[in-house]
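A.B. asks: Residue 835 in the working numbering sits at position 21 of the sequence shown, and the numbers go up by one each step.
Here's a structure for you.
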Amino acid sequence: MFHTIPKPVIERMKSLEEMNQCDRQDGTPAKKRLRQIPPQTGRFIALMASMAPDGKIIEIGTSGGYSTLWLSLACSDRGRRITTFEILPEKVALAKQTFDLAKVSDMVDLVPGDALSYLPDCKKIAFCFLDAEKEIYQQCYDIVVPNMVPGGILVADNVISHETILKPMVERVLADTRVDALVVPIGSGVLLCMKQA
Ligand SMILES: C[S@@+](CC[C@H](N)C(=O)[O-])C[C@H]1O[C@@H](n2cnc3c(N)ncnc32)[C@H](O)[C@@H]1O
């Protein structure tokens, strides 16, 4: 998977990495920044998604589509699709440009709007990457987990970088007997959960 990344995907990843770096340096306001995952977290979610059982692959928080490109590697390997949710119109436009330029539009369903309105209808989830505002993590988790297939995987980003705000959610997940979970110190820290069979 990582040895055969298509050239248009590599090129768009590089340009998004540069845009993300500039955001951090020039003090762009938080809402406008890409706030994307680092490459090692991209590799991590791609590997996890490629090991997920049959079912839907979803992402909550698209931004410019960088993490979606990593997930697309797992999808193209197994002929699967990914559904990704983004609330801000300017990010939706940027992500659309990303998917067109990287030539992955045929495997990505980009859903504009509040993910919380669509998630209840998302059934048979095999893999979920949760990377939106931290205030909605618990709500997203509570909707997604009952809709996951046995062995389904959920990865939530920023649980170390945003430890204070996410601590109550992480503690509840670690104590949730429906899943096996742990915190993995990669990138900003991810919470990895697998639904019990
Ligand atoms: C941290 S960024 C996502 C970065 C992206 N996953 C990446 O690594 O390239 C979070 C994104 O979630 C979006 N977002 C926040 N709340 C949302 C919601 N309720 N529904 C959909 N998207 C949301 C934000 O607009 C923002 O673009």
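Where a beta carbon is used, it is the ideal one built from N, C-alpha and C, also for glycine.
Contact defined as beta carbons within less than 8 Å: I believe serine 881 pairs with phenylalanine 943. What is the distance between those atoms, to the nearest angstrom?
C.D. replies: 6 Å
A.B. asks: So what's proline 964 in DSSP terms, helix, strand or just coil?
C.D. replies: In this structure, proline 964 counts as strand in the three-state DSSP scheme.
A.B. asks: How about isoleucine 851 and isoleucine 871: do their beta carbons lie closer than 7 Å?
C.D. replies: no
A.B. asks: Taking alanine 907 as part of the alpha helix (DSSP H), name the residues at either end of that continuous run.
C.D. replies: 903-915
A.B. asks: Quick check: is any heavy atom of ligand 1 less than 6 Å from the C-beta of tyrosine 951?
C.D. replies: Taking non-hydrogen atoms of ligand 1 into account, the C-beta of tyrosine 951 is found less than 6 Å away from none of them.
A.B. asks: Contact check, alanine 866 vs phenylalanine 941 under 8 Å by CB: the rounded distance?
C.D. replies: That belief holds up - the Cβ atoms of alanine 866 and phenylalanine 941 are roughly 4 Å apart, short of 8 Å.
A.B. asks: For arginine 847, which residues in the same chain have their Cβ closer than 6 Å to its Cβ, ignoring the five residues on either side in sequence?
C.D. replies: For arginine 847, the CB contacts under 6 Å within the same chain, skipping 5 residues up- and downstream, are Asp837 in chain order.
A.B. asks: DSSP state of leucine 848, grouped into three classes?
C.D. replies: DSSP places leucine 848 in coil when its eight states are reduced to three.
A.B. asks: If you follow the alpha helix (DSSP H) that glutamate 947 is part of, which residue opens it and which one closes it?
C.D. replies: For glutamate 947, no alpha helix (DSSP H) run applies, since DSSP gives it neither H nor E.
A.B. asks: Below 7 Å CB to CB, which residues in the same chain sit around arginine 992 once its five sequence neighbours on both sides are set aside?
C.D. replies: Val959, Lys1009, Gln1010
A.B. asks: By the DSSP assignment, the alpha helix (DSSP H) with proline 853 in it spans what residues?
C.D. replies: Note, proline 853: alpha helix (DSSP H), 853-864.
A.B. asks: Hey, would you say the C-beta of valine 945 is under 6 Å away from at least one heavy atom of ligand 1?
C.D. replies: The question names valine, but residue 945 in the sequence shown is aspartate. Yes, the Cβ of aspartate 945 comes within 6 Å of a heavy atom of ligand 1.
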